[in-house]
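Enquirer: In my numbering, the protein residues as written are 629 to 867. Dropping the structure in here first, questions after.
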């Protein structure tokens, strides 16, 4: 495998994603500086890394497939429109532009999103919405963990716990909290779907999207394919 093929490999990109958030926690200051000197050019390429787009699109598709297959609807971190999707958006710009815009080499989703706005890489209103959604989701994550003093990001199923969660978050009821959460996740998922998407990839609101998602997730078993699904896939492939 030549170096360009290696660097475009999705496994390598997962490693780079991990290193974006990694912190050196041991060793002398001199040793840490030496290691960072090795890792920094691997994580942040010295030019605008458009070669990353294909690998990042593949990672994005894997995340979407994982969410559907593992039924993560109640997980506000890993589920659709959750914390991970906001962080993915920030990290995409770090990996593509971090080598030329060094301000993107810092850690933390909040400052990265703010820098993305200042650099004009995303519209200001989009970043403002993402920051607001991220703040809500992280606050809710901490409140979920406080219920049972557990390291979890999954909404409780017990009605009493849901009521306690809503009360702690200042919402009128569990239904009110869940409605707010649904709105937040929908907005995050929309921005996530629009990120490095294929030109002909169906987006939120497209009538063909549910059929496309089933096909992408491997849930469609040939030769038993409904007429509606056949029509949808044909429309997608010919678009």
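Quick reminder that beta carbons are idealized off the backbone N, C-alpha and C, glycines included.
Residue 650: buried (16+ other C-beta within 10 angstroms of its C-beta) or exposed?
Expert: Its Cβ having fewer than 16 others within 10 Å, residue 650 is exposed.
Enquirer: Give me, in chain order, the residues of the same chain whose beta-carbon lies closer than 6 Å to that of residue 781; leave out the 5 immediate sequence neighbours on both sides.
Expert: Closer than 6 Å at Cβ, skipping near neighbours: 703, 704, 705, 769.
Enquirer: Pick out whichever of 726, 824, 816, 646 has its Cα sitting closest to the Cα of residue 755.
Expert: Of 726, 824, 816, 646, the residue nearest in Cα terms is 816.
Enquirer: Which of the three DSSP states, helix, strand or coil, is assigned to residue 782?
Expert: Strand at residue 782.
Enquirer: Which residue or residues does DSSP assign as beta-bridge partners of residue 699?
Expert: Paired residues: none, contrary to the question.
Enquirer: Can you name the start and end residues of the alpha helix (DSSP H) that residue 672 belongs to?
Expert: Here residue 672 belongs to no alpha helix (DSSP H), and DSSP marks it neither H nor E.
Enquirer: So the candidates are 683, 794, 658, 672; which of them puts its Cα closest to the Cα of residue 824?
Expert: Comparing Cα positions, the closest option is 683.
Enquirer: Kindly provide the ranges of any alpha helix (DSSP H) runs that are 4 or more residues long and lie completely inside the segment 695-778, ordered along the chain.
Expert: You should have 711-725, 737-746, 752-776.
Enquirer: For residue 646, collect the residues of the same chain with a Cβ closer than 8 Å to its Cβ; drop the 5 residues on either side in sequence, then sort them by chain order.
Expert: Taken in chain order, the list of residues that qualify is empty.
Enquirer: Which residues bound the alpha helix (DSSP H) around residue 788?
Expert: From DSSP, the alpha helix (DSSP H) with residue 788 extends over 787-796.
Enquirer: Look at residue 758 and residue 741 and say whether their C-beta atoms are less than 7 Å apart.
Expert: The answer is yes: Cβ separation under 7 Å.
Enquirer: Cα separation between residue 744 and residue 701?
Expert: So the alpha carbons of these two residues sit roughly 29 Å apart.
Enquirer: Quick check: residue 727 and residue 672, are their CB atoms within less than 7 Å of each other?
Expert: Yes; because the gap between Cβ atoms is below 7 Å, this pair is in contact.
Enquirer: On the three-state DSSP scale, how would you describe residue 693?
Expert: Helix, per DSSP.
Enquirer: Would you mind working out which of 797, 762, 763 sits nearest residue 774, comparing C-alpha positions?
Expert: Comparing Cα-Cα distances from residue 774 to each of 797, 762, 763, the minimum goes to 797.
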